[in-house]
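Contents: one structure, followed by commentary.
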Amino acid sequence: MTELSLAIYAAVRIGVIFSAVMTVVAFLPWIERKLIGRFQQRFGPYRVGPHGILQPIADSIKLVFKEDIIPNNADRVLFVLAPTLALITAVMNLAVIPFGPTFELFGISFGAVQVADVNVGILYIFGFASLGVYSLFLAGWSSGNKYSLLGGLRSSAQMFSYELSLGLSVVTVLMAVGDFKLSEIVLSQEGGFWNWWIVSPKWFVIPGLLGFFLLLVSAFAETNRLPFDLPEAETELVAGYHTEYSSMKFAMFFMAEYINMIVASSIVTTLFLGGWHAPLPYEPFVLAPGWMWFAAKVFVLLFLFIWVRATLPRFRYDQLMNFGWKFMLPLALFNIFLAACCLLLADRFAL
Amino acid sequence: METPSEISVSLEFSIALIFILTAVVFVGGNLILNRLFRPRNPYPEKNSTYECGEHSVGSPWIRFNIRYYIIAILFLIFDVEVLFIIPWAVQFKKLYESLGILAFFEMFVFLLILGLGLAYCWVKGHLEWVLKDRKAAGSNPGI
């Protein structure tokens, strides 16, 4: 492949993936409001366009035309930096997610539906996900508001606590695959849902299920979604770390939250739910392109995020900390032990 | 001279860098678009700190609970542990081939020590968010 065609393919991949995800991000609040409405026996947004489908466009136009207020008390530089950092770190994570296998259109191969297949994919994601903590804490600290400060503190402590179980939950998959590369992890789950790391055959059922559970719960906590949304607990902290934000900066925090939801769902899909592989390796299923399966799995997980929000009440803060340190962390450590034992047993008895 | 795999690694990272630049341009574009269209009409009341309609009293940078700091320290310790475990996990199969069962036990001695550390914090009450006994977290060794 010549350098020029390589550059063009890379540009096409970046453009397509970026705009596709941004479109989903724009319509995700509408989907969420519609679903929450249905869960609460009302209609949700209904006025703008058929069934309110143009609501996100109306919202974004409104937000662009709103006045941007920076309070006198705020640290102006950090106040602007915080939402910028939140959105940039959220978008960065999209770069390594394997959305699909090699994509062909009109006989031209565009390569895998993945911006960059870096060799340390998992570490890249964890690294940038941890950077997200800075944005929330800087927002809380720089606003010059007590509610914001408390929200920022809470969010950083919460993300610290659950990052540990997040990091340890993927170890089971890493042990079985032996590679950081996300595309390799997807390839290792080829051929039907019984090969996915959540319910792989023979010896891997319990560590896989436990790891899936730990990763999912930690993902809820890391994205500040209910029942872990204490950083923005509106009944006590107004809006937490983004109390003082308005206009586009407020929108940027929201976009970051929704992108983080998509990234978290994609990670769960990639590691435990077979990535872009079809659930059954037979004729009608494998005809659909891989990115469709990936999108379908991600949307099921996003629905789960919204469903949980409509179902569960918020934790108390001490409950949150107890759950993170006294349940999730020991369970994650035990799960590594279990996975190693399973691998050794499988080797011993040549399963 | 770079080997082909090194070239491909740097290529993938440079594409990721371009993606990051795309994100920066996108965010900057949003801010500029907002700056072009938004009205600007500040006055002191509007720019005051939000406090549910009251005047804000005192400094916003209050003293906060020391437990946040303890949680941060605990996080540092266990995060280093995670960083240590992940490379071991990736190489586990290869290590098992060369070292045998030792690859398993070496890590679990390490894990056991850290598990003891967690148990120590637990018993000393450093994981409790609400302290029933104010002395529990320091002067009174309840262990």
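Protein chains in written order, with my numbering: chain A, 17 to 367; chain P, 137 to 279. Built from N, CA and C at the ideal position, the CB exists for glycine as well. Bear in mind that the values here come from a model prediction, so they are computed numbers and not experimental data.
**OP:** Locate the alpha helix (DSSP H) running through A/PRO346, then write down its first and last residues.
**Re:** The residue you call residue 346 of chain A lines up with position 330 of the first sequence. Taken as a continuous stretch (DSSP letters only), the alpha helix (DSSP H) holding A/PRO346 covers 345-364.
Subject >> Own chain residues within Cβ distance below 7 Å of A/ALA132, not counting five before or after >> reply: Taking the first sequence and counting its residues from 1, the one referred to as residue 132 of chain A is at position 116. The beta carbon of A/ALA132 sits closer than 7 Å to the beta carbons of ALA111, VAL112 from its chain, once the five residues preceding and following it are set aside; these are given in chain order.
**OP:** Please determine, among A/PHE315, A/ILE24, A/LEU345, A/CYS358, the residue with the shortest C-alpha to C-alpha distance to A/GLY224.
**Re:** Translated into positions along the first sequence, residue 224 of chain A becomes position 208. It is A/CYS358.
Original post:
For P/VAL193, which three-state DSSP category applies?
Top reply: In the second sequence, counting from the first residue as 1, residue 193 of chain P sits at position 57. Coil at P/VAL193, not helix or strand.
Original post:
alpha helix (DSSP H) containing A/GLU252: first to last residue?
Top reply: For the purposes of this step, residue 252 of chain A is taken as the residue at position 236 of the first sequence. Counting along the chain, the alpha helix (DSSP H) containing A/GLU252 begins and ends at 250-253.
Subject >> Cβ-Cβ separation, A/ILE141 to A/ASN109 (assumed contact under 8 Å), whole Å >> reply: In the first sequence, residue 109 of chain A corresponds to position 93, counting from 1. In the first sequence, residue 141 of chain A corresponds to position 125, counting from 1. That belief holds up - the Cβ atoms of A/ASN109 and A/ILE141 are roughly 5 Å apart, short of 8 Å.
Original post:
For P/THR185, which of helix, strand or coil comes out of DSSP?
Top reply: Translated into the one-based positions of the second sequence, residue 185 of chain P becomes position 49. P/THR185: coil per DSSP, three-state reduction.
Subject >> Buried/exposed call for A/LEU336, threshold 16 Cβ in 10 Å >> reply: For the purposes of this step, residue 336 of chain A is taken as residue 320 along the first sequence, with counting starting at 1. A/LEU336 should be labelled buried.
Original post:
Going along chain P in order, which residues have a C-beta closer than 8 Å to the C-beta of A/ALA111?
Top reply: The residue you call residue 111 of chain A lines up with position 95 of the first sequence. Going along chain P in sequence order, the residues near A/ALA111 (Cβ under 8 Å) are ILE151, ALA152, PHE155, ILE156.
**OP:** Might you give, ordered along the chain, the residues of its own chain that have their beta carbon closer than 6 Å to the beta carbon of A/GLY340, omitting 5 neighbours on each side?
**Re:** One-based indexing of the first sequence puts residue 340 of chain A at position 324. Closer than 6 Å at Cβ, skipping near neighbours: SER177, TYR178.
Subject >> Three-state secondary structure (DSSP) of A/PHE119 >> reply: Stepping through the first sequence from its first residue, residue 119 of chain A is reached at position 103. Strand at A/PHE119.
Original post:
For P/VAL259, is the classification buried or exposed, using 16 other Cβ atoms within 10 angstroms of its Cβ as the cut-off for buried?
Top reply: Sequence index remark: in the second sequence, residue 259 of chain P carries index 123 (1-based). Label assigned to P/VAL259: exposed.
Original post:
Since A/ASP75 is in the alpha helix (DSSP H), which residue starts that stretch and which ends it?
Top reply: The count along the first sequence starts at 1 and reaches residue 75 of chain A at position 59. 71-80 is the extent of the alpha helix (DSSP H) around A/ASP75.
Subject >> Segments of 4+ residues assigned as alpha helix (DSSP H) that fall wholly inside the stretch 28-78 of chain A >> reply: none
Subject >> Contacts around A/ILE30, its chain only, beta-carbon distance under 6 Å, and the 5 residues preceding and following it disregarded >> reply: The residue you call residue 30 of chain A lines up with position 14 of the first sequence. Around A/ILE30: VAL131.
Original post:
The alpha helix (DSSP H) spanning P/TYR256 covers which residue range?
Top reply: Numbered from 1 along the second sequence, position 120 holds the residue referred to as residue 256 of chain P. 238-260 is the extent of the alpha helix (DSSP H) around P/TYR256.
**OP:** Indicate whether A/MET268 and A/ALA102 have their beta-carbon atoms separated by less than 8 Å.
**Re:** Walking along the first sequence from the start, residue 268 of chain A turns up at place 252. Walking along the first sequence from the start, residue 102 of chain A turns up at place 86. Against a cut-off of 8 Å, the Cβ pair of A/ALA102 and A/MET268 comes out as a contact.
**OP:** Starting from A/VAL279, follow its DSSP beta bridges and name the residues at the other end.
**Re:** Sequence index remark: in the first sequence, residue 279 of chain A carries index 263 (1-based). A/VAL279 is not bridged to any residue.
Original post:
Beta-carbon of A/ILE69 versus every beta-carbon of chain P: anything under 8 Å?
Top reply: For this step, residue 69 of chain A is matched to residue 53 along the first sequence. False, the Cβ-Cβ gap to chain P never drops below 8 Å.
Original post:
Roughly how far, in whole angstroms, is the beta-carbon of P/ASN177 from the beta-carbon of A/MET264, given that I think they are within contact range, below 8 Å?
Top reply: Your numbering for residue 177 of chain P matches position 41 in the second sequence. Your numbering for residue 264 of chain A matches position 248 in the first sequence. With a contact defined as Cβ atoms closer than 8 Å, P/ASN177 and A/MET264 miss out at about 17 Å.
Original post:
Cβ of A/VAL11 less than 8 Å from any chain P Cβ?
Top reply: In the structure as shown, chain A starts at 17 and stops at 367, and residue 11 of chain A therefore has no counterpart that could be examined.
**OP:** Mark A/ASN351 as exposed unless 16 or more other C-beta atoms lie within 10 angstroms of its C-beta, in which case mark it buried.
**Re:** Position 335 of the first sequence, counting from 1, holds the residue named residue 351 of chain A. Buried, by the Cβ-count rule.
Original post:
Where DSSP assigns a beta bridge to A/ALA98, which residues make up the other side?
Top reply: Start at 1 with the first residue of the first sequence, and residue 98 of chain A comes out as number 82. Paired residues: none, contrary to the question.
Original post:
How would you list, in chain order, the residues of chain A whose beta-carbon sits under 8 Å from the beta-carbon of P/TYR281?
Top reply: In the structure as shown, chain P starts at 137 and stops at 279, and residue 281 of chain P therefore has no counterpart that could be examined.
Original post:
Which bits of chain A does P/VAL160 rub up against, with CB to CB less than 8 Å?
Top reply: On the second sequence, residue 160 of chain P is found 24 positions in, with the first residue counted as 1. In chain order: ILE104.
Subject >> CB contact check: A/LYS342 to chain P, cutoff 8 Å >> reply: If you number the first sequence from 1, residue 342 of chain A lands on position 326. For A/LYS342, the answer is yes, since a Cβ of chain P falls inside 8 Å of its Cβ.
**OP:** Please compile the residues from chain P whose C-beta is within a distance smaller than 7 Å of the C-beta of A/PHE229.
**Re:** Here the question's residue 229 of chain A lines up with position 213 in the first sequence. Per Cβ cutoff of 7 Å: no residues; A/PHE229 is ~18 Å from chain P at best.
**OP:** Please report how far the alpha carbon of A/ALA36 lies from the alpha carbon of P/CYS257, in whole angstroms.
**Re:** Here the question's residue 36 of chain A lines up with position 20 in the first sequence. Here the question's residue 257 of chain P lines up with position 121 in the second sequence. Taking the straight line from one Cα to the other gives about 46 Å.
Subject >> A/ALA111, DSSP secondary structure in three states >> reply: Translated into the one-based positions of the first sequence, residue 111 of chain A becomes position 95. Note: A/ALA111 maps to helix in three-state DSSP.
**OP:** Establish whether the CB of A/ALA145 and some CB of chain P are separated by less than 8 Å.
**Re:** On the first sequence, residue 145 of chain A is found 129 positions in, with the first residue counted as 1. It does not; no Cβ of chain P falls within 8 Å.
Original post:
What separation, rounded to the nearest whole angstrom, lies between the Cα atoms of A/SER234 and A/LEU226?
Top reply: Residue 234 of chain A sits at position 218 when you count from the first residue of the first sequence. Residue 226 of chain A sits at position 210 when you count from the first residue of the first sequence. So the alpha carbons of these two residues sit roughly 12 Å apart.
Subject >> Residue-chain proximity (P/GLY261, chain A), Cβ-Cβ < 8 Å >> reply: What you label residue 261 of chain P is simply residue 125 of the second sequence in a count that begins at 1. Contact with chain A is absent for P/GLY261, since none of that chain's Cβ atoms lies less than 8 Å from the residue's Cβ.
Subject >> Residue range of the alpha helix (DSSP H) that includes A/ILE201 >> reply: Working through the first sequence from its first residue, we reach residue 201 of chain A at position 185. Where A/ILE201 is concerned, the enclosing alpha helix (DSSP H) stretches over 198-203.
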